[in-house]
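Here the structure comes first, spelled out in C-alpha cells, and everything after it is commentary.
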Amino acid sequence: MNLPVGARLVGVGAAVPSAVVTNADLEKLVDTSDEWIKTRTGIRERRVVSEDESASGLAIEAAKDAIGFAGIDPASIDLIIVATSTPDNLYPSTACMVQAAIGATRASAFDLEAACTGVIYALSIAQQFIGSDTYKTVLVIGVDIHSRFLNWEDRNTCVLFGDGAGALIMKAAEKGEENEVLSIYLRADGTGGHLLCIPNYGTAYPHADSTPPKAMHRFLHMNGRVVYEFALNAVPEAVRTVCAKANMKVEDIDFLVPHQANKRIILAASERLGIPMSKVVSNVDEYGNTSAASIPLALSDAIRRKQVIPPATCALVGFGGGLTWGAAIVRWTAKDKRG
Ligand code: COA
C-alpha cells in the first residue's frame, strides 16, 4: 500500500536490568544444566529486574537512549506506543508513564499487546499515522518483564525468558528523503492462544478467587514443541511475504533481525530462507527471550557492535503469544547523533 507520506526510522535504543542470572544460577533452582540450556536454546544468561525495577522504568531508559540516538527534542514526539504484555498497571498505561517522564508534552500515548510481535504491530500503527500525515514523530517501545510471571520451579519455561526494553523512533520523510519503511505484514491466529499464555491474570479471573492454589497458576504456560514448530513456519512465511510486498527478494535483505526466542529457531528459520548467519542478528545468548523488547534490543546491539552499518536493508520479524506473527522491511540509514 502506498501511503501519501513516507516514513524513516531515525533512532534506536535499549535498556536492561543490571542483574545477570546465568545458567549456573538456574542450576541451583531447577533440575537443569548449562549444557542443556545452551544446546537447546543458545542462552547463556539473561537479565532480571530487582524488586524496585519496573517495565515503565526500563521503557523510560530505552526511550531516552533512542531519543539521544535520533538527536530529537522529546517535545517533538507526537505519539508514544508501548508494546508490552507486562505493564506496570492496567492503567495508567505504561506509555502515559513514559510520556510524563521524558517530557513528551505534546504526545498522545497508549499501550498495545501483541506479545513478542508487539513492536512489529506498533511500527505498523506508527507507519499509518505518519503515512496519513497525522503525525510526524512516533516513539515505539517494546518492554517486558516476564520474570514476574515465571514459575521458577518450572524448568520448561524459567530458563527461556529475560527482562528488557527496546525503542525505535519513526519520523515522516521530509522533501527529498526516501520512504524507508518499505512494507509491514501482520498476522494472528487466536486458535493457538492456549499454546503460550499467562492465564488467570485478567478479568476472566474473579477477584474473589485470588487465593492459592488458583493464584499459583498466574504463570506463563507454554507448549514448547508446538510453539517451536509454529515459529519455524511463521518466520520464513512472514519474511517471504513482507519481501514480496516490498517488491524485493529475500537475497536483497542485508540483515535479518528476528525475535530472539531461541538460537535453534533463528538458525533453522534462516536456513529455510537461505540467509547466511553473517546476515543474521542475534543476542539471545546474552539476554534470553525479552519478548516485545527483543527486536529493537537486538538491532540496537548490532548497531553498537557495528555489525549493522548503515545503509542496510533489514527484515525485522516477530512471533509469539496470541498467536501473533509479523515482519517489516526497513532501510536503516540513521547515524547515531551522539557520534
Ligand atoms: N533443563 C533440562 N531438561 C529440560 C529443560 C531444562 N531447562 N526443559 C525441558 N527439559 C526436558 C523435558 O522435560 C524433556 O524431558 P522428557 O523427554 O523426559 O519429557 C526433554 O528436556 C526434552 O524436551 P523437549 O521439549 O523435547 O525439548 P526441545 O528440544 O523441544 O526444547 C524448548 C525445548 C522449550 C527449548 C523448545 O521446544 C523451544 O524452544 N520451543 C519454543 C519456545 C519459544 O520460543 N517460546 C517463546 C516464543 S515467543
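Residue 238 in the working numbering sits at position 244 of the sequence shown, and the numbers go up by one each step.
Quick reminder that beta carbons are idealized off the backbone N, C-alpha and C, glycines included.
Quick caveat, the model's predicted, so the values are computed rather than measured.
In the DSSP assignment, I260 is bridged to no other residue. In this structure, V6 places its C-beta atom within 8 Å of the C-beta atom of P290. By the criterion of a C-beta distance shorter than 6 Å, N217 is surrounded in its chain by L189, once the five residues flanking it on both sides are discounted. Look at the beta carbons and you see the region 120 to 132 touching the region 159 to 176: at least three pairs across the two are nearer than 8 Å.
V153 and L310 have their C-alpha atoms some 24 Å from each other. A contact is defined here as three or more CB-CB pairs under 8 Å, and the region 233 to 248 fails this definition with respect to the region 14 to 28. Assignment of N145 by DSSP, reduced to helix, strand and coil, places it in the coil class. From the listed residues A287, F213 and A328, the smallest Cα separation to W146 is found for F213.
Taking non-hydrogen atoms of the ligand COA into account, the C-beta of W30 is found less than 7 Å away from one of them. Annotation: the continuous beta strand (DSSP E) that includes C308 extends over A306 to G314. W326 is bridged by DSSP to A306.
Taking a contact as a CB-CB distance under 8 Å, the pair E55 and A159 counts as one, their CB atoms being some 7 Å apart. Ranked by Cα distance from V229, the options R181, D295 and S70 are led by R181.
Spanning the alpha carbons of N150 and G97 requires a straight line of approximately 41 Å.
When the Cα atoms are used, A77 and D25 turn out to be separated by approximately 33 Å. By the 16-neighbour rule on beta-carbons within 10 angstroms, S44 is exposed. A distance of 8 Å or more separates the beta carbons of S276 and K300.
When the five nearest sequence neighbours on each side are left out, the beta carbons in the same chain lying within less than 6 Å of the beta carbon of A255 are those of N283, in order along the chain. When beta bridges are read from the DSSP output, G320 appears opposite L180 and G312.
Residue side-chain check: C110 places its Cβ nearer than 7 Å to a non-hydrogen atom of the ligand COA. Taken in chain order, the complete alpha helix (DSSP H) segments of 4 residues or longer contained in the region 97 to 140 are 112 to 125. Between V137 and L52, the C-beta gap is smaller than 8 Å, which places the two residues in contact.
When the Cα atoms are used, V42 and A9 turn out to be separated by approximately 12 Å. Counting along the chain, G282 sits inside no beta strand (DSSP E), nor does DSSP assign it H or E at all.
Secondary structure of T16 (DSSP, three-state): strand. For E39, no alpha helix (DSSP H) segment is defined; the enclosing uninterrupted segment is the beta strand (DSSP E) at E39 to R41. Nearest to I247 by alpha-carbon distance, out of I259, I74, V233 and I260, is V233.
Cβ-Cβ distances below 6 Å link D330 to F63 in the same chain, with the five nearest sequence neighbours on each side left out; the list follows chain order.
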